[in-house]
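Participant: Chains as they are written, first to last, in UniProt numbering: chain A, 1 to 232; chain B, 1 to 232. We put the beta carbon where it would ideally sit given N, CA and C, even for glycine. All values reported here derive from a predicted model rather than from experimental measurement. Below you will find the structure I want to go over with you.
2 protein chains.
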Amino acid sequence: MSTVQGARARARVEVTAAIKDEARRQLAADGAAKLSLRAVARELGMVSSALYRYFPSRDELLTALIVDAYDAVGEAAEDALAKQRTAASPTARWIAVCRAVRAWALAHPHEYALIYGSPVPGYTAPETTNVPASRVGLVLISIARDAHLGKGVAPPKPPARLLVDGERMAADFAPDLPPAVVVALVAAWAQLFGLISFEAFGQFHRVVEERDAFFAQAAEQLARSVGLVLPA
Amino acid sequence: MSTVQGARARARVEVTAAIKDEARRQLAADGAAKLSLRAVARELGMVSSALYRYFPSRDELLTALIVDAYDAVGEAAEDALAKQRTAASPTARWIAVCRAVRAWALAHPHEYALIYGSPVPGYTAPETTNVPASRVGLVLISIARDAHLGKGVAPPKPPARLLVDGERMAADFAPDLPPAVVVALVAAWAQLFGLISFEAFGQFHRVVEERDAFFAQAAEQLARSVGLVLPA
DNA sequence: CATTTAAGAGAGCACTGCTCTTGCTTTGGA
DNA sequence: TCCAAAGCAAGAGCAGTGCTCTCTTAAATG
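Rendered as structure tokens:
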């Protein structure tokens, strides 16, 4: 697919990309609330109505940016893992991935807010975001799987009803992981983004100063909570 | 203070309250992005320019709602603690407070998003929000203090630079707590809101179904991470 | 009672998302 | 090759927004 179609089609993907780029620029500068279709069009030298040939509404443009943002964090996480895949211990890999996600968030706070802050559009995230949204989670799962194939400290056993959830999730994502580990992983996943969100959204202002060290410490504790053993 | 001033002054506080109430209604209905000064004024039977006698801008109105929301969660947490103060173990109190905060968030998702989601206004939260914003944190600290005055499992020792942060925070909020515990508390605080935010913002959609049990399990793990011992 | 003060009403500015109609250009089939 | 069909840009226009003025009326103060 994407064979050499007519020049018209190529122009279309270029304009589409230009719109997204300019929108991302404005997003990074002023935040999602102030992203204006008219301003994007103005900056691109076209009239606002022309932009509707490419994105049927402002929310659709935002959705496109959301998908791109999910892919960007996901890629950051996957790259961090790839760089450490063979050498380091599972715990070191876990911490490296956590660090990478945090670094991306702090470097792109508005894009981060778009995906992990309050949902901006009419409350329902489109289905197209589901796959890119799970990339970071899958990276974390893969680290835990590698670790638990060897030895690993089992997390505390959850009650039976929760284990049902854990089994279903394990069936979907990691058939060889014990359900209790999957449950702990999901919790760690949410907690990781709690740490990052508080830092990115300014909740640590005048509270935590040594943020790198603080985050490293917390990421280590998260690794422990999913049963990864610490290097001596 | 607040002595019986003229009837005009009383009308002012009443109108101010009515504006905030209507704004809160619209916030709960459609979210912060769609909160409109003109719509609030319209609903109250006044003209939009009159509203500016009470709030100098839309952001100031939002700030007032933010302060109220912080106070509401804070009160929910304090009430939950008060109900269990004498009877239950520190761990049970911790979980009760966590549950109360979560319940408030799920009951008022838009107000929750206002304070723990992406920062809406021009990036700087006013200083007036600082005190109400710390109420939940103070409740968590007080539970840990009660527990650690007796016995408690010390969290892993952070590196020296981080301990400096911990000592400063301890000096501010809990002089009798070991710095390492304070550091762990702040991490648990952020992680708690990570769990709640993911649930409130729909990130657990089609992932976690047994959310009550899941949250209880995670809250228990958080208690453990700050050194609270579990009841046998 | 006179005067200062506060509040509401209304018009208006600059902006937004979005729709509709009007022309122009590229495209693909006869 | 020509011609209809489709894609695209432009412009006007609608309804809505935050916010700022001016004007008038009602209350509080001296």
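1) Quick one, which of B:A188, B:L228, B:E199 has its alpha-carbon nearest F198 (chain A)'s?
2) Between A:Q203, A:D59, A:A77, A:L185, which lies nearest to H148 (chain A) when the distance is taken from Cα to Cα?
3) Could you tell me the distance, in whole angstroms, from the CA atom of T63 (chain A) to the CA atom of A33 (chain B)?
4) Taking C-beta pairs closer than 9 Å, name the residues in chain B that L192 (chain A) reaches, listed in chain order.
5) Which bits of chain A does L65 (chain B) rub up against, with CB to CB less than 9 Å?
6) Using a C-beta cutoff of 8 Å, does Q221 (chain B) count as contacting chain A?
7) Which chain B residues are close to E209 (chain A), counting only those with a beta carbon under 7 Å from its beta carbon?
8) So with Cβ pairs under 8 Å, would you call Q26 (chain A) a contact of chain B?
9) If you reduce the DSSP assignment to three classes, tell me which class P179 (chain B) lands in.
10) Leaving out five residues on either side along the sequence, give the residues of the same chain with a beta carbon under 8 Å from the beta carbon of A76 (chain B).
11) If I'm right that A80 (chain B) touches V97 (chain B) with Cβ under 8 Å, what's the distance once you round it to whole angstroms?
12) Of all the CB atoms in chain A, is at least one closer than 8 Å to the CB of V183 (chain B)?
13) For the alpha helix (DSSP H) containing G74 (chain B), list its first residue and its last residue.
14) Looking only at its chain, what residues have a beta carbon closer than 7 Å to the beta carbon of V153 (chain B), apart from the 5 residues adjacent to it on each side?
15) P158 (chain B) and A144 (chain B) - do their beta-carbons sit closer together than 8 Å?
16) Within 8 Å of any Cβ in chain B, is that where the Cβ of A72 (chain A) sits?
17) So what's F201 (chain A) in DSSP terms, helix, strand or just coil?
18) List the residues of chain A whose Cβ lies closer than 8 Å to the Cβ of L106 (chain B), in chain order.
19) Among the residues of its own chain, which have a CB less than 7 Å from the CB of A133 (chain B), if the five just before and after it don't count?
20) Does any CB atom of chain B fall closer than 8 Å to the CB of residue 310 (chain A)?
21) Does the beta-carbon of Y52 (chain A) have 16 or more other beta-carbons within 10 angstroms, so that it is buried, or is it exposed?
22) Reducing DSSP to helix, strand and coil, say where V164 (chain B) ends up.
23) For G166 (chain B), does the count of other Cβ atoms within 10 angstroms reach 16, so buried, or fall short, so exposed?
24) The alpha helix (DSSP H) that contains R224 (chain A), what's its start and end?
25) What in chain A is Cβ-close to R161 (chain B), meaning under 8 Å?
26) Distance, Cα to Cα, Y116 (chain B) vs A17 (chain A)?
27) Strictly under 8 Å for the Cβ-Cβ distance: is V186 (chain B) near chain A by that measure?
28) Can you list, in chain order, the residues of its chain whose CB lies under 6 Å from that of I95 (chain B), leaving out five sequence neighbours each side?
29) Among residues of its own chain, excluding the 5 on either side of G74 (chain A), which ones have a beta-carbon nearer than 7 Å to its beta-carbon?
30) Going along the chain, which residues of the stretch 76-101 of chain A sit with their C-beta nearer than 7 Å to a C-beta in chain B?
31) If the cut is a Cβ gap below 7 Å, which residues of chain B does S197 (chain A) touch?
32) Please report the distance separating the alpha-carbon of S36 (chain B) from that of R58 (chain B).
Facilitator: Put simply:
1) B:A188
2) A:L185
3) 16 Å
4) Q191, G194
5) Residues of chain A passing the Cβ test: none, with the nearest at roughly 14 Å.
6) yes
7) D165
8) no
9) In the structure shown, P179 (chain B) sits in a helix (DSSP, three-state: H, G or I).
10) A100, V101, A103, W104
11) 5 Å
12) yes
13) 58-84
14) Cβ within range, chain order: G227, V229.
15) no
16) no
17) coil
18) Chain A residues near L106 (chain B): none, gap ~14 Å exceeds 8 Å.
19) Y70
20) Nothing in the structure corresponds to residue 310 (chain A), since chain A is present only between 1 and 232.
21) Taking all protein chains in view, the Cβ of Y52 (chain A) is surrounded by fewer than 16 other Cβ atoms within 10 Å, so the residue is classified as exposed.
22) helix
23) buried
24) Annotation: the continuous alpha helix (DSSP H) that includes R224 (chain A) extends over 211-225.
25) E210, A213
26) 32 Å
27) yes
28) A219
29) P132, R135, V136
30) none
31) In chain order, G194, S197 make up the part of chain B whose C-beta sits under 7 Å from the C-beta of S197 (chain A).
32) 8 Å
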